[in-house]
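Using our numbering, the first residue of the sequence shown is number 17, and each one after it goes up by one. From the three backbone atoms N, C-alpha and C, an ideal C-beta is built for every residue, glycine too. Values in this document were obtained by computation on a predicted structure and should not be read as measured data. Each remark here refers to the structure printed beneath this line.
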Amino acid sequence: MATAAAAPASVAPSLAPKANDSRKAVVPVDASELEKHVLAVDDKSVDRAAIARILRGSRYRVTAVESATRALELLAMGLLPDVSMIITDYWMPRMTGYELLKRVKESAALRGIYVVIMSSKTIVIYTFSNKILR
17 MATAAAAPAS VAPSLAPKAN DSRKAVVPVD ASELEKHVLA VDDKSVDRAA
67 IARILRGSRY RVTAVESATR ALELLAMGLL PDVSMIITDY WMPRMTGYEL
117 LKRVKESAAL RGIYVVIMSS KTIVIYTFSN KILR
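The following block contains the structure:
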């Protein structure tokens, strides 16, 4: 009488294929492979800390800086080569989040980084079709 082979150690018992199951086993991925690096940019330390805490709780690596200028400096110096996303406040002194977005997208080396702009203030955004979004 044939018995099903034991599931490999890397496969959770409930995910192991059954003897008559033609589906492939789902192998969990090491959490470090899923970890992404996010650059959080906000002039308010409380907001930076909140963003970092939320993202780290979701297994992201986070670098938090106080200005768009500092973010660009670190990226340009190559000190953050593996950043996959920037989360930035819109309203900041000297350079807004939108200006940071423009600089990132103008750079051949940085344009692949996703940029999310957030704000606690209401801002009006005009789209190319001249519709107003709030």
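- Every unbroken stretch of the alpha helix (DSSP H) spanning 4 or more residues and falling wholly within the region 66-117 is given here in chain order: 84-92.
- Each of Asp63, Lys118 and Lys52 was checked against the Cα of Tyr76, and the nearest Cα belongs to Lys52.
- Among the bridge pairs identified by DSSP, Leu55 is matched with Thr79 and Ile102.
- Taking all protein chains shown into account, Met108 has 16 or more neighbouring C-beta atoms within 10 Å of its C-beta and is therefore buried.
- Judged by DSSP secondary structure, Ile133 falls within the beta strand (DSSP E) whose first and last residues are Tyr130 to Met134.
- Pairing Met111 with Arg69, the inter-Cα distance amounts to about 24 Å.
- Taking every protein chain shown into account, the CB of Asp98 has fewer than 16 other CB atoms within 10 angstroms, so this residue is exposed.
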